Amino acid sequence: VKELDKFYQSIYNIAKPGAKIIFSTLGPESLKELEISYSNLNKKFPKIKLNDISYHLKLLQLKGFRNITYIISKRRNWYDSLKSVILSIKKIGAGVRENRCGLAGKNFFLDIENIYGQNFAVNGHLPLTWEIYYISCIK
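Count the sequence shown with my numbering and you get residues 231 to 369, in order.
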(Lines of atoms letter the chains of each structure in order from A; the text may use other names.)
(Lines give C-alpha, C1' and ligand atoms only; values in the text may rest on other atoms or scores of the structure.)
Protein backbone atom coordinates (compact mmCIF):
# COMPACT_ATOMS: atom_id res chain seq x y z
CA VAL A 231 0.00 0.00 0.00
CA LYS A 232 2.87 2.36 0.74
CA GLU A 233 4.28 1.50 -2.68
CA LEU A 234 1.01 2.53 -4.36
CA ASP A 235 1.03 5.82 -2.43
CA LYS A 236 4.59 6.50 -3.61
CA PHE A 237 3.72 5.48 -7.16
CA TYR A 238 0.80 7.92 -7.41
CA GLN A 239 2.89 10.67 -5.83
CA SER A 240 5.68 10.08 -8.36
CA ILE A 241 3.24 10.22 -11.27
CA TYR A 242 1.80 13.46 -9.92
CA ASN A 243 5.27 14.95 -9.46
CA ILE A 244 6.45 14.24 -13.02
CA ALA A 245 3.20 14.98 -14.89
CA LYS A 246 2.76 18.41 -16.41
CA PRO A 247 -0.25 20.43 -15.24
CA GLY A 248 -3.30 19.40 -17.25
CA ALA A 249 -1.75 16.06 -18.24
CA LYS A 250 -4.20 13.18 -18.66
CA ILE A 251 -3.10 9.95 -17.01
CA ILE A 252 -4.66 6.68 -18.19
CA PHE A 253 -3.83 3.29 -16.67
CA SER A 254 -5.25 -0.07 -15.69
CA THR A 255 -4.81 -2.21 -12.61
CA LEU A 256 -6.28 -5.39 -11.15
CA GLY A 257 -9.05 -5.44 -8.57
CA PRO A 258 -9.42 -7.82 -5.62
CA GLU A 259 -11.76 -10.23 -7.46
CA SER A 260 -8.87 -11.23 -9.73
CA LEU A 261 -7.35 -14.72 -9.51
CA LYS A 262 -10.01 -16.06 -7.12
CA GLU A 263 -9.92 -19.62 -8.52
CA LEU A 264 -6.20 -19.85 -7.89
CA GLU A 265 -6.57 -18.41 -4.41
CA ILE A 266 -9.27 -20.98 -3.53
CA SER A 267 -7.16 -23.83 -4.89
CA TYR A 268 -4.20 -22.77 -2.74
CA SER A 269 -6.37 -22.45 0.34
CA ASN A 270 -7.71 -25.99 -0.21
CA LEU A 271 -4.13 -27.19 0.30
CA ASN A 272 -4.01 -25.24 3.56
CA LYS A 273 -1.41 -22.96 2.04
CA LYS A 274 -1.42 -19.18 2.18
CA PHE A 275 -2.00 -17.76 -1.29
CA PRO A 276 1.12 -15.80 -2.29
CA LYS A 277 -0.74 -12.86 -3.76
CA ILE A 278 -0.14 -9.21 -4.22
CA LYS A 279 -2.53 -7.01 -2.24
CA LEU A 280 -5.13 -5.85 -4.74
CA ASN A 281 -7.07 -2.80 -3.61
CA ASP A 282 -10.67 -2.03 -4.47
CA ILE A 283 -11.62 0.91 -6.66
CA SER A 284 -12.58 3.17 -3.74
CA TYR A 285 -9.04 2.97 -2.39
CA HIS A 286 -7.54 4.02 -5.74
CA LEU A 287 -10.01 6.90 -6.09
CA LYS A 288 -9.34 8.17 -2.59
CA LEU A 289 -5.58 8.00 -3.04
CA LEU A 290 -5.67 9.75 -6.41
CA GLN A 291 -7.81 12.55 -4.94
CA LEU A 292 -5.45 12.93 -1.99
CA LYS A 293 -2.51 13.29 -4.39
CA GLY A 294 -4.31 16.14 -6.19
CA PHE A 295 -5.63 14.45 -9.34
CA ARG A 296 -9.00 15.62 -10.63
CA ASN A 297 -11.67 14.53 -13.13
CA ILE A 298 -11.13 10.93 -12.09
CA THR A 299 -13.16 8.44 -14.08
CA TYR A 300 -13.08 4.65 -14.17
CA ILE A 301 -14.56 1.57 -15.78
CA ILE A 302 -14.60 -1.83 -14.10
CA SER A 303 -14.40 -4.87 -16.34
CA LYS A 304 -14.82 -8.39 -15.00
CA ARG A 305 -13.88 -11.20 -17.30
CA ARG A 306 -13.20 -14.88 -17.15
CA ASN A 307 -10.54 -16.32 -19.42
CA TRP A 308 -10.19 -20.04 -20.11
CA TYR A 309 -6.90 -21.94 -20.18
CA ASP A 310 -5.79 -25.43 -21.18
CA SER A 311 -3.61 -26.04 -18.12
CA LEU A 312 -2.43 -24.58 -14.84
CA LYS A 313 0.88 -23.81 -16.53
CA SER A 314 -0.92 -21.57 -19.04
CA VAL A 315 -2.77 -19.89 -16.11
CA ILE A 316 0.55 -19.15 -14.37
CA LEU A 317 2.14 -17.92 -17.61
CA SER A 318 -0.78 -15.52 -18.24
CA ILE A 319 -0.22 -14.01 -14.80
CA LYS A 320 3.51 -13.65 -15.45
CA LYS A 321 2.86 -12.02 -18.84
CA ILE A 322 1.23 -9.02 -17.17
CA GLY A 323 4.24 -8.60 -14.91
CA ALA A 324 2.79 -10.11 -11.75
CA GLY A 325 5.06 -12.42 -9.81
CA VAL A 326 6.59 -13.26 -6.52
CA ARG A 327 8.98 -10.81 -4.90
CA GLU A 328 12.62 -11.85 -4.75
CA ASN A 329 12.56 -12.41 -1.00
CA ARG A 330 9.49 -14.68 -1.11
CA CYS A 331 9.30 -18.34 -2.02
CA GLY A 332 7.62 -19.47 -5.21
CA LEU A 333 5.87 -22.79 -5.79
CA ALA A 334 7.24 -25.60 -3.66
CA GLY A 335 8.11 -28.02 -6.47
CA LYS A 336 6.55 -30.41 -8.94
CA ASN A 337 4.35 -32.30 -6.44
CA PHE A 338 2.93 -29.08 -5.04
CA PHE A 339 2.23 -27.84 -8.59
CA LEU A 340 0.48 -31.13 -9.44
CA ASP A 341 -1.61 -30.94 -6.25
CA ILE A 342 -2.74 -27.39 -7.08
CA GLU A 343 -3.49 -28.39 -10.68
CA ASN A 344 -5.57 -31.35 -9.45
CA ILE A 345 -7.59 -29.24 -6.98
CA TYR A 346 -8.03 -26.41 -9.48
CA GLY A 347 -9.31 -28.88 -12.07
CA GLN A 348 -11.68 -30.68 -9.67
CA ASN A 349 -13.22 -27.43 -8.47
CA PHE A 350 -13.34 -25.31 -11.61
CA ALA A 351 -12.63 -27.18 -14.87
CA VAL A 352 -15.32 -27.13 -17.56
CA ASN A 353 -14.81 -29.40 -20.55
CA GLY A 354 -11.12 -29.71 -19.67
CA HIS A 355 -10.50 -25.95 -19.49
CA LEU A 356 -9.59 -23.91 -16.43
CA PRO A 357 -11.17 -20.51 -15.78
CA LEU A 358 -9.39 -17.53 -14.29
CA THR A 359 -11.29 -14.42 -13.21
CA TRP A 360 -9.84 -10.99 -13.89
CA GLU A 361 -11.26 -7.78 -12.43
CA ILE A 362 -9.69 -4.88 -14.30
CA TYR A 363 -9.96 -1.21 -13.40
CA TYR A 364 -9.43 1.29 -16.23
CA ILE A 365 -8.77 4.66 -14.61
CA SER A 366 -8.15 8.11 -16.05
CA CYS A 367 -7.47 11.38 -14.30
CA ILE A 368 -6.00 14.82 -14.88
CA LYS A 369 -3.26 16.58 -12.95
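Where a beta carbon is used, it is the ideal one built from N, C-alpha and C, also for glycine.
Computed from a predicted model, the values in this text were never measured in an experiment.
Item                                                                                                                                          : Value
In its own chain, which residues sit with a C-beta less than 6 angstroms from the C-beta of Ile368, not counting the 5 before and 5 after it? : Lys250, Arg296, Asn297
Would you list the one or two residues that DSSP bridges to Phe253?                                                                           : Ile365
Ends of the alpha helix (DSSP H) at Lys232?                                                                                                   : 232 to 244
Rounded to the nearest angstrom, what separates Lys236 and Ile266 at their Cα positions?                                                      : 31 angstroms
If Ile252 sits next to Ser366, beta carbons under 8 angstroms apart, how far is it from one beta carbon to the other, in whole angstroms?     : 5 angstroms
For the beta strand (DSSP E) that Lys304 lies in, which residues bound it at each end?                                                        : 296 to 309
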